[in-house]
Amino acid sequence: MTKTSTLSVFSRVLCLLSVLITLVLTGCATSTRPGSADGTNAVPKVEPLTLREGDTVRIDFTGAPSLNAEETIKRDGKIALRGGEVTAAGKTIAELQQELLDIYGPQLVTKQVIVSLKASLFPVYVTGSVGKNGRLTVDRPMTALEAVMEAGVDLNRANLKGVRVTRVTNGKTEIFMLNLDRWIKGRAGKEEPFYVKPSDIIYVPQKFQWF
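In this note's numbering, the protein residues as written are 1 to 211.
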């Protein structure tokens, strides 16, 4: 084989290797995208908690303790305070605080209202590699990790790196993938906790076992 032929073959081999490397890198990039067309979100968006019927809220008026109250949101979405009824359902805690400050502000010396959620009662469902599959009644703000731990989990068998949460909001299904293993090992850093919402379905897969 001549020197020219050898160089030609070598060039073709390099070209093929370059194409293969490009395909591999492209495939890796595609498989790690944070979202996909099926509605799966690898990185869940943390949303503020929204108050709902049945929630019990504590309202503290700094400097005016006579106005303090602890009320349960009624079926019509309202709470009864000394100055009248206020709609609380559908609002975040921050939004309710601001509305109460707007209403009561003129009569307050210290312009501060603090709203805190004391109790929240709703169902979520935990399935998969947990001790107790089925309905879990939530009576307080609860994270997905807390829900899984309450259902009972064997850390040697459960794959907490691939926990899936299915949520239906206004007829739209969303799927969130959570890595709860980071929280168990204290490696979550500044990552915000993922709070469950009414009727969430939490699936904990089992670790792959080698036999």
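Backbone N, C-alpha and C define an ideal beta-carbon position, used for all residues, glycine too.
Exercise. Quick one: Cα of L101 to Cα of I59, how far?
Worked result: Translated into positions along the sequence shown, residue 101 becomes position 101. Translated into positions along the sequence shown, residue 59 becomes position 59. Answer to the nearest angstrom: the Cα atoms are 11 Å apart.
For this session: Output the boundary residues of the alpha helix (DSSP H) element that contains R75.
Result: Here residue 75 refers to the residue found at position 75 of the sequence shown. Neither: R75 is in no alpha helix (DSSP H) and is coded neither H nor E.
Exercise. Apart from the five residues on each side of it in sequence, which residues of its chain come closer than 6 Å, Cβ to Cβ, to A158?
Worked result: The count along the sequence shown starts at 1 and reaches residue 158 at position 158. Correct list, in chain order: S129 and V204.
Exercise. Which residue comes first and which comes last in the alpha helix (DSSP H) that contains M149?
Worked result: The residue you call residue 149 lines up with position 149 of the sequence shown. Where M149 is concerned, the enclosing alpha helix (DSSP H) stretches over A144 to A151.
Exercise. Rounded to a whole number of angstroms, what is the C-alpha to C-alpha distance between I103 and G131?
Worked result: Translated into the one-based positions of the sequence shown, residue 103 becomes position 103. Translated into the one-based positions of the sequence shown, residue 131 becomes position 131. The straight-line gap from Cα to Cα measures roughly 48 Å.
Exercise. Which partner residues does T56 have in the DSSP bridge list?
Worked result: Locating residue 56 in the sequence shown gives position 56, counting from the first residue. Partner(s): T72 and A119.
Exercise. By a C-beta neighbour count over all protein chains shown, 10 Å radius and 16 as the cutoff for buried, is L51 buried or exposed?
Worked result: By one-based count along the sequence shown, residue 51 stands at place 51. Under this definition L51 is a buried residue.
For this session: Answer with buried or exposed for V196, where buried requires no fewer than 16 other C-beta atoms within 10 angstroms of its C-beta.
Result: Working through the sequence shown from its first residue, we reach residue 196 at position 196. Buried, since its Cβ has 16 or more Cβ neighbours within 10 Å.
Exercise. Applying the criterion that 16 or more other CB atoms from any shown protein chain within 10 Å of the CB defines a buried residue, is A218 buried or exposed?
Worked result: No answer is possible for residue 218: the residues shown for the chain start at 1 and end at 211.
Problem set entry | Other residues of its chain near A69: CB distance less than 6 Å, five sequence neighbours each side excluded | Residue 69 sits at position 69 when you count from the first residue of the sequence shown. The residues are I59 and L81.
Problem set entry | Separation of I201 from N133, as counted between CA atoms | Within the sequence shown, numbered from 1, the residue matching residue 133 stands at position 133. Within the sequence shown, numbered from 1, the residue matching residue 201 stands at position 201. Each residue's Cα considered, the two are about 11 Å apart.
Exercise. For V153, is the classification buried or exposed, using 16 other Cβ atoms within 10 angstroms of its Cβ as the cut-off for buried?
Worked result: Here residue 153 is taken as the residue at index 153 of the sequence shown, counted from 1. Buried, since its Cβ has 16 or more Cβ neighbours within 10 Å.
Exercise. Curious, which full-length beta strand (DSSP E) runs of at least 3 residues does the segment 155 to 208 contain?
Worked result: 163 to 169, 172 to 178 and 201 to 204
Problem set entry | Three-state class that DSSP yields for L136 in the structure shown | Here the question's residue 136 lines up with position 136 in the sequence shown. Looking at L136 - three-state DSSP - the assignment turns out to be strand.
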